[in-house]
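In terms of my numbering, the numbers along the sequence shown are unbroken and rise by one, the last being 100. All residues carry an ideal CB built from backbone N, CA and C; glycine is no exception. Keep in mind that this is a model prediction, so the values were computed, not measured.
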Amino acid sequence: MQSAEKLSITLPPEMASFIRQKVESGLYGSNSEIIREAMRGLMERERRLERLDGAIALGLADAEAGRVQEIEAVRRELRSAAAESAPAA
12 MQSAEKLSIT LPPEMASFIR QKVESGLYGS NSEIIREAMR GLMERERRLE RLDGAIALGL
72 ADAEAGRVQE IEAVRRELRS AAAESAPAA
């Protein structure tokens, strides 16, 4: 494992109880292990939100530049593509 830094945290009783239950169940080897997994999940969520923010910014820039399509035209294209890829009955 990489080098680690020791932190002291304060949690509400229900969170502390949840962590203890998970460790006691054997699912996690320690309190630190469950906190590390929770942090990895939070970090991944943040990365996804950053990518989503970027995609939204690109979409807004396209809209402001007039690079848009009517929703009905998009729906027709999607229906056509779905019909072409559907297995023959």
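Checklist entry - Would you call I20 buried or exposed, if buried means 16 or more other Cβ atoms sit within 10 Å of its Cβ? => result It is exposed - the Cβ of I20 has fewer than 16 other Cβ atoms within 10 Å.
Item to check | Close beta carbons around Q80, own chain, < 8 Å, minus the five adjacent residues each side | outcome: In its own chain, leaving out the 5 sequence neighbours on each side, no residue places its CB closer than 8 Å to the CB of Q80.
Checklist entry - Secondary structure at K33, three-state DSSP: helix, strand or coil? => result Here K33 sits in helix by DSSP.
Item to check | Backbone CA spacing between A76 and I82 [nearest angstrom] | outcome: Computed Cα separation, rounded: 17 Å.
Item to check | Inter-residue Cα distance where the pair is P98 and A84 | outcome: Their backbone Cα atoms lie some 24 Å apart in a straight line.
Next on the checklist: If contacts are defined as beta-carbon pairs under 8 Å, then V34 and I46 qualify, I think. What distance do you get, rounded to the angstrom?
Outcome noted: Not really, about 11 Å apart at Cβ, beyond 8 Å.
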